[in-house]
Amino acid sequence: MRIRYFAAAAQAAGKTEESLDLLQLPGATLGSVLEHLAASAPAAAPVPDGPLLRRTTSLATVLGRCSFLVNGVSEQDRSRALHPGDELDVLPPFAGG
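Below, the structure written as structure tokens:
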């Protein structure tokens, strides 16, 4: 399965895209994949930012605020089954207009 991260989700994950072998997660659902992603990307150590330390937000925190697209369709049902050829987009809240 292909996972694409956008904006704050990409920053928290440390990447914009990754592949996940769903054969390692039998009976994978949106919820179980999100739990797996959160557990695999713990919060990073604070980053020096001039005289202050800037804390990075953990992927688990960001995922709690995100909306999701599965194969281009909005999905919030965490019990939705996922399959190896699926594509998951992780979209944090966006501001703008």
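Quick note: the sequence shown, position 83, residue 83 per the working numbering, numbers continuous.
Where a beta carbon is used, it is the ideal one built from N, C-alpha and C, also for glycine.
Just so you know, these numbers come straight off a predicted model, no measurement behind them.
Have a look at the options and flag the residue whose alpha-carbon is nearest the alpha-carbon of residue i.
{"i": "Arg-78", "options": "His-36, Ser-19, Arg-2", "result": "His-36"}
Considering residue i, what are the terminal residues of the beta strand (DSSP E) in which it resides?
{"i": "Glu-17", "result": "17 to 19"}
{"i": "Leu-69", "result": "67 to 70"}
{"i": "Arg-2", "result": "2 to 5"}
Can you grab the Cα-Cα spacing for the pair residue i / residue j, in whole Å?
{"i": "Leu-91", "j": "Ser-67", "result": "5 Å"}
{"i": "Gly-97", "j": "Gln-76", "result": "Below a pLDDT of 50, predicted positions are generally treated as unreliable, and Gly-97, at 47, falls in that range; no measurement from the model is reported."}
{"i": "Arg-80", "j": "Ala-28", "result": "8 Å"}
{"i": "Gly-14", "j": "Leu-63", "result": "14 Å"}
{"i": "Thr-16", "j": "Pro-26", "result": "25 Å"}
Pop quiz: residue i and residue j are said to be a contact at Cβ under 8 Å. What is the actual Cβ separation, rounded to whole angstroms?
{"i": "Leu-88", "j": "Val-33", "result": "7 Å"}
{"i": "Ser-58", "j": "Ala-12", "result": "6 Å"}
{"i": "Leu-22", "j": "Pro-84", "result": "5 Å"}
Mind checking which residues open and close the alpha helix (DSSP H) that includes residue i?
{"i": "Glu-87", "result": "Looking at the DSSP string, Glu-87 is not in any alpha helix (DSSP H); the run it does join, the beta strand (DSSP E), is 87 to 91."}
{"i": "Gly-31", "result": "30 to 40"}
{"i": "Gln-11", "result": "8 to 13"}
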